[in-house]
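Everything on this sheet refers to the single structure shown next.
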Amino acid sequence: MTMGRETGMDLTMETNGSEASSSMVIGTHDNSNTTPLNSKRQRLEKSRIENSYPRKRALRACQVCRARKTKCNNEKPVCGCCQALGAQLDFASQIIVERLDQVLQKLDEREVDSAETLRRISQELGTFQSEKVSLRSRWQAPATNGEGLGSERDHELQLDENMLTPSARTSPDAVLDWPVFESQYPTGFITRHLFDQNFFDDSRPEESEHDVSQPSAFINEEAVPQLVEIFLTRVHTKSPILDPKTAREFGFKIALEGLQWDASSCLVLIMCALGCVSQPLGDSHNRILPDNRMETSRSVLGEQDLSLGSAYFTAARKRIGLLKPSVIATQCIFLCGVYEMYMVHPLRAWNFFADASSNFFMYLKCEESHFGGDISRTKSPETQCIEASLYWSCYKSMCELRTEVPLPPSVLSQVNYAHSLPEPPTSFASVNDSRQEVSEVGFEILQEQAWHASLPEQIQFNDSIETDHELRFTLRTRAMEVKAWLYRPFLYYIIHQIIHQSSSKVPERVRQLAQKAIDGSIHWILLRHNRHRHHGSWFVGRLILSSALSILAAVKAKLRLDSLDNWKEIVLEAITTMKFWADESSDFAVGSVVLEKLFSQLLDISND
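Now the structure itself:
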């Protein structure tokens with residue numbers, strides 16, 4: 001027992017240092033056993049004292065001597081052993097080793113500063129990797145009791161970074177946060193009003209625009225085929241997620257047999273709702289109101305069409321809760337989101353797009369479990385095309401909203417979907433397939449040019465020429481949107497270089513790209529069809545707001561560009577457009593107020 005206790009106390013002394021000595025006084029050993037322990041303690045303390053002084057790094061043997069385990073005399077340029085063997089000498093340079101020691105010492109001294117710098121750089125860069133980590137930590141449930149750690153890690157490794165897009169990086173709030181505006185507004189000031197607009201207190205009666213008690217007297221079943229045809233002409237061409245032949249059959253069936261509480265009736269009702277609120281491309285531009293009336297988005301569409309569309313939409317919503325996970329259920333829910341985008345309700349639309357994504361995700365999982373293996377071989381090409389269009393439409397719609405509003409990603413980003421983007425119709429074959437090779441270039445600007453060059457002749461467009469062809473208009477605005485995102489960082493750079501009085505250091509190429517950013521902003525604001533109601537009306541309005549803020553930032557920084565000579569008229573046009581949509585989306589109402597305030601500030605400065 002005594003031997004065991006002595007051994008335990010020795011271990012305590014070796015690990016705990018001074019605490020070990022105090023524990024020995026309390027021990028129950030006799031005097032004969034204390035002497036060797038005291039002497040051992042003295043030896044340990046002496047050893048510690050010797051090791052506390054810095055010692056010179058020992059010479060390092062060459063690689064050959066280390067491998068042979070022989071003593072190296074470290075002679076330069078060749079040691080004795082290597083000279084005898086005729087081997088090539090590979091000494092570890094003592095200078096490099098000493099230099100590394102100095103670097104490590106400096107890093108230790110500045111550890112706090114380095115950590116702070118890394119944190120700041122990480123925040124400013126906002127890379128996709130940081131976004132990916134934040135999304136996992138926020139939206140993925142952690143494993144419990146160590147279960148599933150391996151599978152979760154494998155799943156994270158399989159996630160494609162391209163499927164996780166950052167949110168709200170191109171919004172008007174991002175421009176309003178530029179230092180040139182001197183923090184006049186808090187972060188997210190404009191977008192915050194969107195969430196305020198969609199908040200309903202449970203303690204109060206909900207004042208819903210779509211009253212579920214609304215009578216269905218507006219619904220004319222005989223007019224259903226005509227409304228379905230309008231939908232296929234004005235809406236389906238931009239979101240081809242269903243088969244037109246099947247849609248027409250559903251419409252004629254309801255005209256003959258009446259509405260039911262099934263999926264096909266739900267799909268037809270939402271198609272009719274979209275047929276009521278959609279417009280031809282030229283209507284919004286050619287309509288003229290009396291001078292004593294202020295033109296708004298609702299006055300252009302008309303209250304009758306709004307009421308009729310709302311009646312069809314309410315009837316469709318009553319049937320959505322009865323649907324099971326399926327392709328047609330996903331089509332119904334997705335088109336409800338499209339309807340809300342037509343009504344300029346982006347957050348309501350996001351709810352439907354998220355539900356459509358979840359519904360389609362569940363459908364794919366159930367289908368995989370039921371059939372197993374590669375089930376695509378049992379499907380017709382038409383069915384595969386419809387499902388692929390539905391998958392990418394749901395995913396794309398949520399990604400588009402995330403560019404403007406801080407919202408979580410689509411659940412479909414976690415699906416390893418086997419099908420690529422659906423092929424266009426054979427009549428829309430590319431004019432010159434060799435142009436597609438340019439799209440492999442990694443630079444986004446060249447890629448955008450390649451996409452533009454490879455468009456079929458039927459939907460080709462020119463950046464400088466307005467078009468009344470709706471597909472060309474849609475593609476043109478999308479290309480303009482991408483260019484605005486690409487060129488805006490160069491405008492930010494040159495504006496803040498001017499503020500810091502270092503504009504002379506700006507390369508000429510950067511000035512040219514900043515000029516393109518301003519030209520694109522002006523082009524957006526003066527867009528002839530910027531009041532046309534369609535799926536992307538809200539995005540057009542948001543980009544006009546961002547463009548106006550970019551122009552105001554350039555004027556405030558006194559950026560000298562010829563295209564800014566008429567900046568007052570351009571900003572006033574943007575304010576008018578914001579007021580046009582203000583009744584339907586509160587962020588446009590707030591945006592018009594922000595633009596007016598910044599505009600008046602710049603006028604006061606110029607007058608002084």
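Per the UniProt record's numbering, residue 1 is the first one in the sequence shown, and the count goes up by one each step.
Quick reminder that beta carbons are idealized off the backbone N, C-alpha and C, glycines included.
Distance from the CA atom of residue 591 to the CA atom of residue 261, rounded to whole angstroms, is 42 angstroms. Residue 560 is classed as exposed because its beta carbon has fewer than 16 other beta carbons within 10 Å across all chains shown.
Residue burial is scored here from C-beta neighbours: residue 61 has at least 16 other C-beta atoms within 10 angstroms and is therefore classed as buried.
Your pair residue 332 and residue 309 does not check out as a contact, with CB atoms roughly 16 angstroms apart and the cut at 8 angstroms.
In summary, residue 84 is exposed, with fewer than 16 beta-carbon neighbours lying within 10 Å of its beta-carbon over all protein chains present. Straight-line measurement puts the Cα of residue 337 at about 18 angstroms from the Cα of residue 362. For the options 544, 368, 302, 564, the alpha carbon positioned closest to that of residue 417 is the one of 368.
Sorting 231, 398, 218 by C-alpha distance to the C-alpha of residue 168 places 398 at the top. CA-CA distance, residue 353 to residue 498, rounds to 43 angstroms.
Residue 546 is positioned such that its CB atom lies closer than 7 angstroms to that of residue 175.
Look at residue 417 here: in three-state DSSP terms it is coil, with no helix or strand label. Take residue 187, set aside five residues on each side of it, and the residues of its chain with a beta-carbon closer than 7 angstroms to its own are 173, 177, in chain order. In this structure, DSSP gives residue 243 a state outside helix and strand, which the three-state scheme calls coil. Here the segment 376 to 390 does not lie against the segment 522 to 531, with fewer than 3 beta-carbon pairs under 8 angstroms apart. Looking at the backbone, the Cα of residue 104 and that of residue 487 are separated by about 41 angstroms. Nearest to residue 190 by C-alpha distance, out of 171, 198, 558, 182, is 171.
Around the Cβ of residue 606, a 10 Å sphere holds fewer than 16 other Cβ atoms; the residue is exposed.
For residue 490, the enclosing alpha helix (DSSP H) stretches over residues 470 to 499. DSSP places residue 86 in no alpha helix (DSSP H); its state is neither H nor E. Excluding sequence positions up to five before and after residue 589, its CB lies within less than 7 angstroms of the CB of 582, all in the same chain and listed in chain order. Its chain contains 235, 238, 239, 338, 341, 342 as the residues whose beta carbon lies nearer than 8 angstroms to that of residue 535, once the 5 sequence neighbours on both sides are disregarded; these appear in chain order.
Close CB contacts of residue 558 within its chain, under the 8 angstroms cut and outside five residues either way in sequence, are with 498 (chain order). The three-state secondary structure of residue 199, taken from DSSP, is coil.
Excluding residues up to 5 positions away in sequence, 232 lie with their Cβ nearer than 6 angstroms to the Cβ of residue 244 in the same chain. For residue 562, no alpha helix (DSSP H) segment is defined, and its DSSP state is neither H nor E.
Close CB contacts of residue 273 within its chain, under the 7 angstroms cut and outside five residues either way in sequence, are with 309, 312, 313, 316, 339 (chain order). Non-local beta-carbon contacts of residue 527 in its own chain, meaning distances under 6 angstroms to residues more than five positions away in sequence, are absent.
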